[in-house]
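Keeping their order, the protein sequence lines are chains V and R. Going by the numbering used here, 366 is the number at position 366 of the first sequence; the sequence numbering is gapless. Each position in the second sequence, counted from 1, maps to that position plus 495 in the numbering used here. What follows is a set of notes on a single structure, which appears directly below.
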Amino acid sequence: MTEILDGIVYGFSVSLSPGNLLACFIGVLMGTIVGVLPGIGPIVTMSLLLPIIMRIDATTGIIAMAGVFYGAMYGGSTTSILLNLPGEAASVVTCLDGHEMAKRGRAGPALAIAAIGSFVAGTLGVVLLTFLAPPFATMALAVGPPELTAILVLSFIIVMQFSGGSRVRAAAAAFLGFLLASIGLDPVEASPRFTFNTYTLLDGIGFGPLVIGLFGVAEMLSNLDTRWRPVAALPPIHGLWPTADDLRTAAPAIARGGLIGFFLGILPGMGASIPAFVSYSVERRLSKHPERFGQGAIEGVAAPESANNAATAGNLVPLLTLGIAPSAATAILMAGFLTHGVTPGPLLIQERPEIFWGVVTSMYTGNVILLILNLPLVAVWVRLLMIPQVYLVPPVLLVCAVGTYSVATNPWDVVVMAAFGILGYVMRKLDFPPVPLVLAFVLGRIFEEALRQSLSMSLGSFTIFLTRPIALVMLLATLAVLVLPLVSTRGRWPR
Amino acid sequence: MDTRGSGPLLVLLAFALATGAAAQHLGLGSLSTPGPGFFPFLNAVGLGLTALVLVVQARHRARHAGESGSAWPIVLGVAAGIAAYGILVEHLGFPLTSFLFLLLCWVVVARQPVWRSVMLAAATAATAYLLFDRLLGVRLPSGLLGL
Numbered sequence: 001m002t003e004i005l006d007g008i009v010y011g012f013s014v015s016l017s018p019g020n021l022l023a024c025f026i027g028v029l030m031g032t033i034v035g036v037l038p039g040i041g042p043i044v045t046m047s048l049l050l051p052i053i054m055r056i057d058a059t060t061g062i063i064a065m066a067g068v069f070y071g072a073m074y075g076g077s078t079t080s081i082l083l084n085l086p087g088e089a090a091s092v093v094t095c096l097d098g099h100e101m102a103k104r105g106r107a108g109p110a111l112a113i114a115a116i117g118s119f120v121a122g123t124l125g126v127v128l129l130t131f132l133a134p135p136f137a138t139m140a141l142a143v144g145p146p147e148l149t150a151i152l153v154l155s156f157i158i159v160m161q162f163s164g165g166s167r168v169r170a171a172a173a174a175f176l177g178f179l180l181a182s183i184g185l186d187p188v189e190a191s192p193r194f195t196f197n198t199y200t201l202l203d204g205i206g207f208g209p210l211v212i213g214l215f216g217v218a219e220m221l222s223n224l225d226t227r228w229r230p231v232a233a234l235p236p237i238h239g240l241w242p243t244a245d246d247l248r249t250a251a252p253a254i255a256r257g258g259l260i261g262f263f264l265g266i267l268p269g270m271g272a273s274i275p276a277f278v279s280y281s282v283e284r285r286l287s288k289h290p291e292r293f294g295q296g297a298i299e300g301v302a303a304p305e306s307a308n309n310a311a312t313a314g315n316l317v318p319l320l321t322l323g324i325a326p327s328a329a330t331a332i333l334m335a336g337f338l339t340h341g342v343t344p345g346p347l348l349i350q351e352r353p354e355i356f357w358g359v360v361t362s363m364y365t366g367n368v369i370l371l372i373l374n375l376p377l378v379a380v381w382v383r384l385l386m387i388p389q390v391y392l393v394p395p396v397l398l399v400c401a402v403g404t405y406s407v408a409t410n411p412w413d414v415v416v417m418a419a420f421g422i423l424g425y426v427m428r429k430l431d432f433p434p435v436p437l438v439l440a441f442v443l444g445r446i447f448e449e450a451l452r453q454s455l456s457m458s459l460g461s462f463t464i465f466l467t468r469p470i471a472l473v474m475l476l477a478t479l480a481v482l483v484l485p486l487v488s489t490r491g492r493w494p495r
Numbered sequence: 496m497d498t499r500g501s502g503p504l505l506v507l508l509a510f511a512l513a514t515g516a517a518a519q520h521l522g523l524g525s526l527s528t529p530g531p532g533f534f535p536f537l538n539a540v541g542l543g544l545t546a547l548v549l550v551v552q553a554r555h556r557a558r559h560a561g562e563s564g565s566a567w568p569i570v571l572g573v574a575a576g577i578a579a580y581g582i583l584v585e586h587l588g589f590p591l592t593s594f595l596f597l598l599l600c601w602v603v604v605a606r607q608p609v610w611r612s613v614m615l616a617a618a619t620a621a622t623a624y625l626l627f628d629r630l631l632g633v634r635l636p637s638g639l640l641g642l
């Protein structure tokens, strides 16, 4: 405990330095803006920051990128509530009751409760991250190839089960991601694979071109379908502050949403969207008046907004302690670490305490800045929505191209990005989720290495995964994730 | 383009078969010493099976009514424009290539008046140059204009 408290004090001395404070402010400001604007999510923005953070201090850069990540959760609620248009995926469920409240003239309290819930749960998540990450890091040292293989199997099954839509399509996307990750040198024998005898492909496909193409360019290409129609008229915002009754009703939902968000966020593959859906569902089940949900229930705004913010802190636990990126956004954050030659994982706290504690404590400051930015300035963020898309799409495409080019100053990366833009567009049209592909691409080489090492250790026997306790628990959890939804759909799910 | 039928899924299936064959050629090894082709082969099999399931599902499902393919020429045109940007940026330089790309987007795709598109493209390219090259120190090719 003393070590943790010392770490917090040290962390604040790092994160409150002028440069890092400015990075935190810029990060959460950018996060809010991209959260508000539909189409430009935190994943693309963080990718575009990669070439910039390469040129600044590692701690400062990671603080800014993390700020974009959790800042977007705040911004995303604004468009969900006012326009029934989620700024990013984790705010989809907020539309259900948030927009209903806005239609009934209660947009102000809905926005306020979203900001307050985000702040309280976001801070709760950071407190839990502060105290749980160090013991997690110690435990992570006991994780060998079989345990890692089992953890990654669980991650991918979770992603496939909960990514929304068809599980078969999600599985196909993940397999495609693994195959794309196989391009380049074999991680065990260092022999070339699928390189077509070219030097360029020896290093494999770049993460930047892939992720910016799949998310940023594909989103902009999808906007071309809509013929750049103007945004609908905004409902009026009267009186921002919620009543005492609103606060009393929302408080338990915020607490529960925060806990659900954090603990689900730890699980690889959950991201921030699934915890938001789960917390909304839990609130409806617990409510004495479930019929109010979907009709403007304030708990229906408080719970998902709290959960998606706390989940961002939970997402950082596996990244900082195991070196595993549990979501597409944290995969980019991991790329940010790697560009500075820093490997996130169990030794991060000991080897680079300034980064670990600096980033963790910057999230306290970031949440305070976000509360200040989001409540009084809501009218400013709403104005952003008035910018016609016709003026946004070409500059965003240009920024995608510049961001991709400048990571390695390789013009072919821009061509690869365009190709992944087309792939991402086709995947959207065919309802293939892109997140499993990105996650498989990021974790593919680690997964392959762990699987092959495990099989070599056991002389080809798969029983190695059943004889090691952590691996066995993970495989049982995988089984539960696969089986429980089947039981649930047959009406035998325990209520 | 048929985005709901089985056409694109058959392409995915063919890709899985080709990748599986290539992975086998790399060498699968044995379970105790898996070779370079082991992991890609497993994934090619997985991709092939899922693609097959999706093809069968697509054959049993009615085509989605009203699916429009009218945006495809524009989408492919913009993607080709981005690819051309990557090929030309080191020859023409960042400011000029960016200006031309933005002009293409606003005139051809967004169908904005030429004079407005020229103004927008020039202002945006100049802002991007000042932001990335001068302010953030990102190394961008100077090309023909020597900027």
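Ideal placement from N, C-alpha and C gives every residue a C-beta, glycine not left out.
**Q.** Against chain V: residues of the stretch 524-543 of chain R by CB proximity under 9 Å
**A.** Near chain V, meaning a CB-to-CB distance below 9 Å, the residues of the stretch 524-543 of chain R are Gly-524, Ser-525, Leu-526, Ser-527, Thr-528, Pro-529, Gly-530, Pro-531, Gly-532, Phe-533, Phe-534, Pro-535, Leu-537, Asn-538, Ala-539, Val-540, Gly-541, Leu-542 and Gly-543.
Going by DSSP, what residue range makes up the alpha helix (DSSP H) through V/Ile-33? It spans 18-36 - the alpha helix (DSSP H) in which V/Ile-33 sits, taken as one unbroken run.
Would R/Gly-561 pass as an interface residue toward chain V - the criterion being a Cβ-Cβ separation below 8 Å?
At R/Gly-561 the pLDDT is 45, less than 50, meaning the model places this residue with poor confidence and gives no usable figure here.
Point to revise | Sequence-distant residues of the same chain with beta carbon closer than 7 Å to V/Asp-203, five excluded per side | key: Around V/Asp-203: Gly-184.
Using a Cβ-Cβ distance under 8 Å, would R/Trp-610 count as near chain V?
By this cut-off, R/Trp-610 is not an interface position.
Task: Same chain, Cβ closer than 7 Å to R/Thr-505, neighbours up to 5 away in sequence not counted - done: The residue you asked about is not Thr; residue 505 of chain R is Leu in the sequence shown. Once the five neighbours on either side are set aside, the close Cβ partners of R/Leu-505 are Val-550.
Item to complete: Kindly indicate which residue of V/Thr-330, V/Leu-129 and V/Ala-115 has the alpha-carbon position closest to the one of V/Thr-45.
Response: Comparing C-alpha distances from V/Thr-45 to each of V/Thr-330, V/Leu-129 and V/Ala-115 shows the shortest one belongs to V/Thr-330.
message: Can you confirm whether R/Ser-593, when its beta carbon is compared against all beta carbons of chain V, has any partner nearer than 8 Å?
response: So, interface residue.
### Query
Can you tell which of R/Gly-524, R/Ala-546 and R/Gly-522 has the C-alpha that lies nearest to the C-alpha of V/Gly-166?
Reading off the sequence, residue 166 of chain V comes out as Ser, not Gly. Distances from the alpha-carbon of V/Ser-166 to those of R/Gly-524, R/Ala-546 and R/Gly-522 put R/Ala-546 closest.
Compute the beta-carbon to beta-carbon distance between V/Thr-94 and V/Pro-304, rounded to the nearest angstrom, for a pair I have assumed lies under 8 Å.
V/Thr-94 to V/Pro-304, Cβ: 5 Å. Contact.
By the 10 Å Cβ neighbour count, where 16 or more other Cβ atoms means buried, how is V/Pro-494 classified, buried or exposed? In this prediction, V/Pro-494 has a pLDDT of 37, which is less than 50 and means its spatial position is unreliable; what the coordinates show is noted afterwards. Flag for V/Pro-494 reads exposed.
Original post:
Are there three or more Cβ pairs, one per stretch, closer than 8 Å when the stretch 307-320 of chain V is compared with the stretch 105-116 of chain V?
Top reply: Here the stretch 307-320 of chain V makes no contact with the stretch 105-116 of chain V; the two share fewer than three CB pairs at distances below 8 Å.
Measuring only from the beta carbon, is V/Asn-367 closer than 7 Å to any heavy atom that is part of the ligand ZN?
Among the components modelled here there is no ligand, and therefore nothing to report on the ligand ZN.
| task | For V/Thr-32, count neighbouring Cβ atoms within 10 angstroms of its own Cβ and tell me buried if that reaches 16, exposed if not. | result | Within 10 angstroms of the beta-carbon of V/Thr-32 lie 16 or more other beta-carbons, which makes it buried.
Q.
So that I know if they touch, is there some Cβ in chain V lying closer than 8 Å to that of R/Val-551?
A. No, its Cβ sits nowhere closer than 8 Å to a Cβ of chain V.
- request: Let me know the secondary structure DSSP gives V/Gly-117 once reduced to three states.
  value: The answer is helix: DSSP assigns V/Gly-117 an H, G or I state.
Within the 8 Å Cβ cut-off, does R/Arg-634 reach chain V? Under the Cβ criterion of 8 Å, R/Arg-634 is counted among the residues facing chain V.
Just to confirm before moving on: does the CB-CB distance between V/Glu-299 and V/Ser-287 stay below 8 Å? Going by C-beta atoms, V/Glu-299 is nearer than 8 Å to V/Ser-287.
Can you check DSSP and say which residues form a bridge with V/Gly-184?
DSSP output for V/Gly-184 lists V/Arg-193 as bridge partner(s).
| request: Report yes if the CB atom of V/Val-426 is closer than 8 Å to the CB atom of R/Val-548, and no otherwise. | output: Their beta carbons are not under 8 Å apart, which means V/Val-426 does not touch R/Val-548 by this criterion.
* Chain-order list of residues whose beta-carbon lies under 7 Å from that of V/Pro-275 (same chain, five-residue window excluded) -> Cβ within range, chain order: Ile-260, Gly-261, Leu-264, Gly-265, Ala-307, Asn-308 and Ala-311.
* Determine which residues share a DSSP beta bridge with R/Pro-529 and list them. => DSSP lists R/Gly-524 as partners of R/Pro-529.
* Checking contacts by CB at 8 Å: is R/Ala-621 closer than that to chain V? -> Against chain V, the CB of R/Ala-621 has no partner CB under 8 Å away; the residue lies outside that interface.
Exercise for the section: Please check the pair V/Ile-63 and V/Val-359, which I expect to be a contact at CB under 8 Å, by giving their CB distance rounded to whole angstroms. Expected result: Right, their Cβ atoms sit about 6 Å apart.
In three-state DSSP terms, what is V/Tyr-70? V/Tyr-70: helix per DSSP, three-state reduction.
Open item on the list: DSSP three-state label for V/Ile-254, please.
Closed with: Of the three classes helix, strand and coil, the one that applies to V/Ile-254 here is helix, per DSSP.
So, with DSSP's three-state summary, where would you put V/Met-160?
The answer is helix: DSSP assigns V/Met-160 an H, G or I state.
- Pair every Cβ in the stretch 49-60 of chain V with every Cβ in the stretch 400-419 of chain V, then say whether three or more of these pairs are closer than 8 Å. With a cut-off of 8 Å, the stretch 400-419 of chain V and the stretch 49-60 of chain V count as touching, because enough Cβ pairs lie within range.
Problem set entry | V/Val-68 versus V/Phe-215 - alpha carbon distance | Rounded to the nearest angstrom, the two C-alpha atoms are 16 Å apart.
Buried or exposed for V/Thr-503, going by 16 or more other Cβ atoms inside 10 Å?
The structure shown does not extend to residue 503 of chain V, since chain V spans only 1 to 495, so no value can be given for it.
So, V/Ala-150 versus V/Ala-418, is the Cβ gap smaller than 8 Å? Not in contact: V/Ala-150 and V/Ala-418 (Cβ atoms no closer than 8 Å).
On a CA-only basis, which of V/Asp-431, V/Ser-118, V/Thr-130 and V/Ile-43 is nearest V/Leu-5? Give me that one, please.
For V/Leu-5, the closest of V/Asp-431, V/Ser-118, V/Thr-130 and V/Ile-43 by C-alpha to C-alpha distance is V/Thr-130.
* What are the start and end residues of each continuous alpha helix (DSSP H) run of 4 or more residues lying completely inside the stretch 314-398 of chain V, in chain order? -> Complete alpha helix (DSSP H) runs here, min 4: 328-339, 348-351, 353-374 and 378-384.
Under 8 Å between the Cβ atoms of R/Pro-590 and R/Ala-618?
-> No, they are not a contact pair.
On the DSSP letters alone, give me the boundaries of the alpha helix (DSSP H) that R/Leu-597 sits inside. If you look at R/Leu-597, you'll find it in the alpha helix (DSSP H) that goes 589-599.
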